[in-house]
Amino acid sequence: MTLTALGIAPDQCLIAGHWVAPANGARLVLSNPSDGTALCDIARGDADDIDRAVLAAQGALAGDWGRGTAVERGRVLARIGQLVLENVDALAQLEALDVGKPLTQARADVIALARYMEFYAGSADKLHGETIPYLDGYTVYTLREAHGVTGHIIPWNYPMQIIGRSVGAALATGNACVLKPAEEACLTALAFGELAMRAGLPAGALNVVPGLGAEAGAALTAHPGVQHISFTGSVGVGKLIQRVAAEHVVPVTLELGGKSPQVVFEDADVDAALPFLVNAGIQNAGQTCSASSRILVHESRYEEVLSKMADRYRGLQTGPALADLNVGPLVSNRQKEIVDGFIAQGSDLEIAARGSIVADAPAGGAYVAPTLFAGVAPEHTLAQDEIFGPVQVVIPFKDEDHAVAIANGTKFGLVASCWTKDGARQMRMAKKLRAGQVFINNYGAGGGVELPFGGTGLSGHGREKGFEALYGFTTLKTVAAFHG
Ligand code: NAI
Ligand code: MG
6 MTLTALGIAP DQCLIAGHWV APANGARLVL SNPSDGTALC DIARGDADDI
56 DRAVLAAQGA LAGDWGRGTA VERGRVLARI GQLVLENVDA LAQLEALDVG
106 KPLTQARADV IALARYMEFY AGSADKLHGE TIPYLDGYTV YTLREAHGVT
156 GHIIPWNYPM QIIGRSVGAA LATGNACVLK PAEEACLTAL AFGELAMRAG
206 LPAGALNVVP GLGAEAGAAL TAHPGVQHIS FTGSVGVGKL IQRVAAEHVV
256 PVTLELGGKS PQVVFEDADV DAALPFLVNA GIQNAGQTCS ASSRILVHES
306 RYEEVLSKMA DRYRGLQTGP ALADLNVGPL VSNRQKEIVD GFIAQGSDLE
356 IAARGSIVAD APAGGAYVAP TLFAGVAPEH TLAQDEIFGP VQVVIPFKDE
406 DHAVAIANGT KFGLVASCWT KDGARQMRMA KKLRAGQVFI NNYGAGGGVE
456 LPFGGTGLSG HGREKGFEAL YGFTTLKTVA AFHG
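Residue numbers (my numbering): 6 to 489.
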């Protein structure tokens, strides 16, 4: 059966290179969001397991892993990437069952995970310091050093991609990791741990402890042996983590989602934009930190864009992950309730179109039909809050200044895009849009692992992905030698 095809022990933790039962023996049930049935038990790790994992990570740093060279770290990451690619089907199946992701989208995540390993494998021996001209008789240079033990608290929406970007960069720079996957979906995190061991990653360099946020997650954040925390998830938990990390003055990288706009100007190539306008809202059933949930359209093209988007929406099919349709279930019935609640808050608005849920979708699945709202006021809840479901709002604007005001008019700032043929406007918009990534005449750029990513405002701070992440996962030491 696919759950054990990769050799994982779903109800155990990976600590110090071994699969071990959680110290308290407690378990959680993982469910299949496509039909609501139980998939398997997972470990309900707690503070004792986190403690064991941090000790194991410290042991790795004191041993072979800490003494290893950048070249060796690169090689082991490359082998992990190779094993990920060799197991693409099994990993995609696992993710589809666990997260509810349509198979094609799950497969794309596996490929992205492999790409992260390849990218960070290649970067490991290319990160270097500088020499700095200084006073007579001195030689001054900088060293980029690992933080030590890094904590990685990840969500359920893109486990493999987020492991790739955070654990990949942390290992490349010589940190030892404790990974706390989400209680809703943790199977590919366990599989990744198994593949990393098979690739020869020294024991303790990566430990995986599943469990609840308030237990294992909180214990990891508060652990005095952790020197850096990267977190992707909700704004509320991000604030909490930053507060707790302040106790030990530990740096945090927070990626907290957004309300990302696409701005369609009067001269846009609407037909080229159309697939991006819709896909960016419904990919992974809208449960994407960089989902584009707001479509801003110049009033002269508003009716056209709305009717073309509505046509696409009417063709969207929602159903079980393994049926591999446009949209799968949400990750859980809890998440479905949140999203249904948002849709209910739009009862005063016009629904331009909805996609369909296939007739044979199991009743226990967490299905929400994609929903497109028209003519939404920029200050409406649906245009301000992160919904994290297959819901988009279309908002008309009058001119460039108006578009910028609306686009920047939320507390978030993760991603933004503009569609225009006017080169000067492209340059102005790139500067004016408040976001960590701006796309011109595209959205997402294929998700490139090479592209630094992160937010401003409530979207968080710090950058992951690309070479930039290597700076975040290291600390800079300046060495000033006096030799006369
Ligand atoms: P969450 O923020 O509670 O969960 C994310 C991770 O944080 C999980 O691993 C969880 O176990 C852990 N966590 C929870 N409480 C913690 C604590 N006190 N200390 C340490 N770790 C803790 O997000 P949740 O509840 O799954 O989703 C709620 C909303 O958050 C979504 O509707 C969405 O708006 C947003 N979200 C954003 C994500 C993004 O990609 N930026 C990912 C997931 C959720
Ligand atoms: Mg939560």
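Idealized CB from N, CA, C, for every residue including glycine.
query	result
Sorted by chain position, which residues of the same chain lie with C-beta nearer than 6 Å to alanine 83's C-beta, five sequence neighbours on each side aside?	Ala126
Under the three-state reduction of DSSP, which class applies to phenylalanine 281: helix, strand or coil?	helix
Cutting at 7 Å between CB atoms, please list the residues of its own chain near alanine 374, excluding the five before and the five after it.	Thr323, Arg359, Gly360, Ser361, Ile362
Going by the CB atoms, is the gap between tryptophan 70 and glutamate 270 shorter than 8 Å?	Rather than glutamate, the amino acid found at residue 270 in this sequence is phenylalanine. No, Cβ-Cβ distance for phenylalanine 270 and tryptophan 70 is not below 8 Å.
Can you tell me whether glycine 369 is helix, strand or coil according to DSSP?	coil
Do phenylalanine 124 and valine 420 have their C-beta atoms within less than 8 Å of each other?	no
The beta strand (DSSP E) that contains asparagine 212, what's its start and end?	211-213
Alanine 223 to isoleucine 246, Cα distance in whole Å?	8 Å
Can you have a look at tyrosine 307 and say buried or exposed, based on whether 16 or more other CB atoms are within 10 angstroms of its CB?	buried
Report all residues from its chain with a CB closer than 6 Å to the CB of valine 484; omit the five preceding and five following residues, and keep chain order.	Tyr146
Taking only three categories from DSSP, how would you classify arginine 84?	helix
In angstroms, rounded to a whole number, what distance separates the CA positions of phenylalanine 378 and glycine 346?	15 Å
In angstroms with no decimal places, state the Cα-to-Cα distance between glycine 291 and alanine 285.	8 Å
When burial is assigned at 16 or more other CB atoms within 10 Å of the CB, is glutamine 254 buried or exposed?	This sequence places valine at residue 254; glutamine is not what is there. Classification of valine 254: exposed, given that the 10 Å Cβ count is below 16.
Check serine 464 in the structure and name its three-state DSSP category.	helix
Please state if the CB of serine 39 and the CB of proline 325 are separated by a distance shorter than 8 Å.	yes
By a C-beta neighbour count over all protein chains shown, 10 Å radius and 16 as the cutoff for buried, is methionine 432 buried or exposed?	exposed
Got a sec? Which residues, its chain only, sit under 6 Å from proline 160 by beta carbon, not counting five neighbours each side?	Ala187, Thr237, Gly238
Would you report the Cα separation of histidine 233 and threonine 109, rounded to the nearest angstrom?	34 Å
Is any heavy atom of ligand 1 found at a distance shorter than 7 Å from the C-beta of serine 239?	yes
Out of Val213, Ser128, Ala31, Asp16, point me to the one whose CA is closest to alanine 62's CA.	Val213
Is alanine 450 near ligand 1, judged by its Cβ being under 7 Å from some heavy atom?	no
Using only the alpha-carbon positions, how far apart do leucine 211 and arginine 57 sit?	12 Å
Report whether the distance from the Cβ of phenylalanine 393 to the nearest heavy atom of ligand 1 is below 7 Å.	yes
Return the chain-ordered list of same chain residues with a C-beta closer than 7 Å to the C-beta of alanine 278, the five sequence neighbours on each side being excluded.	Val269, Trp424
Quick check on the DSSP output: what are the complete beta strand (DSSP E) runs of length 3 or more inside the stretch 409-472, in order along the chain?	420-424, 442-445
For alanine 97, which option in Arg112, Ala296, Val396 has the closest C-alpha, if you only look at C-alpha atoms?	Arg112
Evaluate aspartate 51 with the Cβ neighbour count: other Cβ atoms within 10 Å of its Cβ, from every protein chain shown; 16 or more gives buried, anything less gives exposed.	buried
Given this structure, state the Cα-to-Cα distance separating cysteine 18 from leucine 311, to the nearest angstrom.	49 Å
Can you tell which of Thr479, Gly86, Phe444, Lys482 has its C-alpha closest to the C-alpha of glutamine 267?	Phe444
Under the rule that 16 or more other beta-carbon atoms within 10 Å means buried, what is glutamate 189, buried or exposed?	buried
Which of the three DSSP states, helix, strand or coil, is assigned to leucine 19?	strand
Regarding lysine 341 and ligand 1, is the C-beta to nearest heavy atom distance less than 7 Å?	no
When you compare only the Cα positions, how much space is there between alanine 429 and aspartate 406?	14 Å
For the alpha helix (DSSP H) that contains valine 254, what are its first and last residues?	Taken as a continuous stretch (DSSP letters only), valine 254 belongs to no alpha helix (DSSP H), as it is neither H nor E.
Less than 8 Å between the CB atoms is what I'm expecting for aspartate 46 and proline 15, so what's the real figure, rounded?	7 Å
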